[in-house]
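Straight run, no breaks: the sequence shown in the working numbering ends on number 182. Quick reminder that beta carbons are idealized off the backbone N, C-alpha and C, glycines included. None of the values given here were measured: they were computed from a predicted structure. See structure below.
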Amino acid sequence: MNLPNIISLGRLLSVPVAIYLILNGFMTAAFWLFIAAGISDGVDGYLAKALGQSSALGAYLDPIADKVLLVGVYLTLGHAGHLPTWLVIMVVFRDLIIVGGILLLHISTNGVRMKPLLVSKVNTAAQITLIALVLAELGLNFDLGGYLDVLVYVVGVTTLASGASYIINWGRTVVPVEDN
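Next up, the structure:
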């Protein structure tokens, strides 16, 4: 266990706290916790590289913490009525497809190296921005007007594009088995 992994673990452990804060209406605290979790994601990656402390555990722990945070907060904000249900379903389903696809590829090929696609990075940035702005509007009384509605559709489109891109990419990498 090194410092970057401890930071990733802290981010993972912040998820139930964020969910509690949102469900109980402590939106200002939820906003700041989400911002801290986002900053920790950059810090742990930087430290892992700068200190030469990249590890196999960190390679799994960091993306798991990110996925659990995003999915947990999307589900909670959706449940609380702050995000449209269709968007929450789309975001969660995309992540389930990605995790399921990675597991299937890992089992069928005895290992898989994942390289995030550009559209996936754009999607993740849009998803994070949407959560931060929703929490800012709720907790800091920001009036974002119709911008949130536009961002909801941006997240929807990029989520769809990202999920489809992974499926297409995986389809290209899997070699069909010949029948004998």
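Kindly confirm or deny that the stretch 87–105 and the stretch 35–44 touch, where touching means at least three C-beta pairs closer than 8 Å. Contact between the stretch 87–105 and the stretch 35–44 is absent, because fewer than three Cβ pairs lie under 8 Å.
Is Val171 helix, strand or coil when you go by DSSP? Residue numbering aside, residue 171 sits at position 169 when the sequence shown is read from its first letter. The sequence as given places Asn at residue 171; Val does not occur at that position. Annotated three-state conformation of Asn171 is helix, per DSSP.
Would you check if the stretch 55–69 and the stretch 161–168 touch, i.e. whether three or more CB-CB distances between them fall below 8 Å? The stretch 161–168 vs the stretch 55–69: no contact.
Asp145, DSSP secondary structure in three states: Translated into positions along the sequence shown, residue 145 becomes position 143. Here DSSP, grouped into helix, strand and coil, assigns Asp145 to coil.
Taking the alpha-carbon of Ala128 as reference, which of Val156, Tyr62, Leu25 and Ala61 has the nearest alpha-carbon? Walking along the sequence shown from the start, residue 128 turns up at place 126. Of all alpha-carbon atoms in Val156, Tyr62, Leu25 and Ala61, the one lying nearest the alpha-carbon of Ala128 is that of Val156.
Are the stretch 123–143 and the stretch 99–108 touching by the rule of at least three beta carbon pairs closer than 8 Å? In short, these stretches do not touch, since the Cβ pair count stays below three.
Just the C-alpha distance for Leu146 and Trp172, rounded to the nearest angstrom, thanks. Taking the sequence shown and counting its residues from 1, one reaches residue 146 at position 144. Taking the sequence shown and counting its residues from 1, one reaches residue 172 at position 170. If I take the Cα positions, the gap works out to 38 Å.
Per-residue DSSP class, three states only, for Lys51: Within the sequence shown, residue 51 is the residue found at index 49, counting from 1. Secondary structure at Lys51: helix, using DSSP grouped into helix, strand and coil.
For Leu23, which of helix, strand or coil comes out of DSSP? The residue labelled residue 23 in the question sits at position 21 within the sequence shown. If DSSP states are grouped into helix, strand and coil, Leu23 belongs with the helices.
Please work out which residues of its chain come closer than 7 Å, Cβ to Cβ, to Val152, disregarding the five sequence neighbours upstream and downstream, and give them in chain order. To locate residue 152, count along the sequence shown from 1; it is residue 150. Cβ neighbours of Val152 beyond the five flanking positions: none.
Could you tell me whether the stretch 58–67 touches the stretch 119–127, where touching means 3 or more Cβ pairs closer than 8 Å? No, the stretch 58–67 is not in contact with the stretch 119–127.
Out of Ile133, Lys69, Leu25 and Ile9, state which residue places its alpha-carbon closest to the alpha-carbon of Asp46. Taking the sequence shown and counting its residues from 1, the one referred to as residue 46 is at position 44. Relative to Asp46, the option among Ile133, Lys69, Leu25 and Ile9 whose CA is nearest is Ile9.
In angstroms with no decimal places, state the Cα-to-Cα distance between Thr131 and Leu23. Counting from 1 along the sequence shown, the entry for residue 131 is found at position 129. Counting from 1 along the sequence shown, the entry for residue 23 is found at position 21. Rounded to whole angstroms, Thr131 to Leu23 spans 19 Å at the Cα level.
First through last residue of the alpha helix (DSSP H) which encompasses His81: Stepping through the sequence shown from its first residue, residue 81 is reached at position 79. Taken as a continuous stretch (DSSP letters only), the alpha helix (DSSP H) holding His81 covers Ala58 to His81.
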